[in-house]
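Residue numbers for the sequence shown follow this note's numbering, so the first one is 11 and each next one is one higher.
Accompanying notes for the structure given below.
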Amino acid sequence: DFLSGNEDSIHAVFENDGEGAHFTDTRTGAPLLSPVHNEIALHATALAQWQRRNQYCPMCGGPTELMHGGTCMKCTKCSTMSWPRQDPSMIAAIISREGDKILLAHSQRHPPRLSTVLAGFVEVGETFEKAVARETYEETGIRIDEDSVQYLGSQPWPFPQSTMIGFMATADASQPLEIDEDEIVSARWYDVEEVRAAAAIEGATMRKEVAKAAIEANPDIALLIPPKGVIARRLIDNWLDKMPL
Numbered sequence: 011d012f013l014s015g016n017e018d019s020i021h022a023v024f025e026n027d028g029e030g031a032h033f034t035d036t037r038t039g040a041p042l043l044s045p046v047h048n049e050i051a052l053h054a055t056a057l058a059q060w061q062r063r064n065q066y067c068p069m070c071g072g073p074t075e076l077m078h079g080g081t082c083m084k085c086t087k088c089s090t091m092s093w094p095r096q097d098p099s100m101i102a103a104i105i106s107r108e109g110d111k112i113l114l115a116h117s118q119r120h121p122p123r124l125s126t127v128l129a130g131f132v133e134v135g136e137t138f139e140k141a142v143a144r145e146t147y148e149e150t151g152i153r154i155d156e157d158s159v160q161y162l163g164s165q166p167w168p169f170p171q172s173t174m175i176g177f178m179a180t181a182d183a184s185q186p187l188e189i190d191e192d193e194i195v196s197a198r199w200y201d202v203e204e205v206r207a208a209a210a211i212e213g214a215t216m217r218k219e220v221a222k223a224a225i226e227a228n229p230d231i232a233l234l235i236p237p238k239g240v241i242a243r244r245l246i247d248n249w250l251d252k253m254p255l
């Protein structure tokens, strides 16, 4: 399994001409790879998604052909050239003003008990900071402290063609939650102990079978969070690392 995250198995795929290898979902599998192989997997996924969706010219509708090793499309009729694009999306860890709680949400696509930080597309003419404030309010009814937004990092996320821009912000945790059920199923503030217990669970927790096994092993676990290797977990760990043991 090329995306198993095991270096020996990755080398074995190449040494045995791919014998025993099979396709898997890069959305849940790539984070388990080493940083270098994670980047390669996401790069390949981004190119494949773009090539699949752009077989005709956006200017005249003519068929396109690949150029420059598959990183450029050229129209066979009007010669218009196009390149892969990435749509900016914000992803943010919303922390209570006291610093002892984090706001996490559960969506329909997540396995049971898995919750993560809030995310959404940046709209036309909108700053990243305003997108953090808008998405948080739209999905949960929480108004953040807009002057608290801080950039923490980024990650390509070609599902289908995004770049996740990561932030941290604070908010008054006493505000009532008003959930947009068209966007998420639930959200709540979690304390350090709950999140730290979830962080101790290893594996691709965004896969339903992995989440199910974790719950069966510990039925009392209240929360699952994304695995290491994705920016959502990086934001959560950034907060946890600042908390006293």
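Even glycine gets a Cβ: it sits at the ideal position worked out from N, Cα and C.
Residue i vs residue j beta-carbon contact at 8 Å
{"i": "Ala-197", "j": "Leu-250", "result": "no"}
{"i": "Ala-214", "j": "Thr-38", "result": "yes"}
{"i": "Val-159", "j": "Val-142", "result": "yes"}
{"i": "His-116", "j": "Val-202", "result": "no"}
{"i": "Gln-185", "j": "Arg-144", "result": "no"}
{"i": "Gln-61", "j": "Leu-76", "result": "yes"}
{"i": "Ala-103", "j": "Met-178", "result": "yes"}
{"i": "Pro-122", "j": "Ile-246", "result": "no"}
{"i": "Glu-101", "j": "Ala-223", "result": "Sequence inspection shows Ile at residue 101; the Glu mentioned does not correspond to that position. Cβ distance not < 8 Å, so Ile-101 and Ala-223 don't count as in contact."}
{"i": "Glu-204", "j": "Leu-234", "result": "no"}
{"i": "Asp-182", "j": "Arg-107", "result": "yes"}
Residue i in three-state terms, based on DSSP
{"i": "Ile-105", "result": "strand"}
{"i": "Ile-246", "result": "helix"}
{"i": "Phe-138", "result": "helix"}
{"i": "Trp-60", "result": "helix"}
{"i": "Ile-189", "result": "coil"}
{"i": "Ala-209", "result": "helix"}
{"i": "Asp-182", "result": "coil"}
{"i": "Leu-162", "result": "strand"}
{"i": "Leu-52", "result": "helix"}
{"i": "Ile-152", "result": "coil"}
{"i": "Asp-97", "result": "strand"}
{"i": "Ile-241", "result": "helix"}
Counterpart residues of residue i in DSSP-defined beta bridges
{"i": "Arg-198", "result": "Leu-114"}
{"i": "Glu-75", "result": "Lys-84"}
{"i": "Phe-169", "result": "None; Phe-169 has no bridge partner."}
{"i": "Leu-128", "result": "Ala-102"}
{"i": "Phe-33", "result": "None; Phe-33 has no bridge partner."}
Pairwise C-alpha distance: residue j and residue i
{"i": "Ile-20", "j": "Ala-51", "result": "Because the pLDDT of Ile-20 is 36, which lies under 50, any placement of that residue in the model is unreliable, and the number read from its coordinates should be weighed accordingly. Whole-angstrom Cα-Cα distance: 12 Å."}
{"i": "Pro-236", "j": "Glu-148", "result": "22 Å"}
{"i": "His-78", "j": "Trp-93", "result": "10 Å"}
{"i": "Ala-58", "j": "Ser-164", "result": "21 Å"}
{"i": "Ala-74", "j": "Cys-85", "result": "Looking at the sequence provided, one finds Thr at residue 74 rather than Ala. About 4 Å."}
{"i": "Glu-136", "j": "Ile-105", "result": "23 Å"}
{"i": "Leu-187", "j": "Thr-146", "result": "11 Å"}
{"i": "His-47", "j": "Arg-119", "result": "25 Å"}
{"i": "Glu-133", "j": "Gln-171", "result": "15 Å"}
{"i": "Asn-64", "j": "Met-216", "result": "29 Å"}
{"i": "Met-253", "j": "Asp-110", "result": "8 Å"}
{"i": "Ala-209", "j": "Ser-125", "result": "12 Å"}
{"i": "Arg-206", "j": "Arg-95", "result": "37 Å"}
{"i": "Ala-227", "j": "Lys-238", "result": "20 Å"}
{"i": "Ala-129", "j": "Ser-99", "result": "7 Å"}
{"i": "Arg-244", "j": "Ser-89", "result": "43 Å"}
{"i": "Asn-248", "j": "Leu-255", "result": "14 Å"}
{"i": "Thr-150", "j": "Phe-138", "result": "18 Å"}
{"i": "Thr-36", "j": "Lys-140", "result": "30 Å"}
CB contact below 8 Å: residue i versus chain B
{"i": "Thr-36", "result": "The displayed structure is made up of one protein chain only, and chain B is not part of it."}
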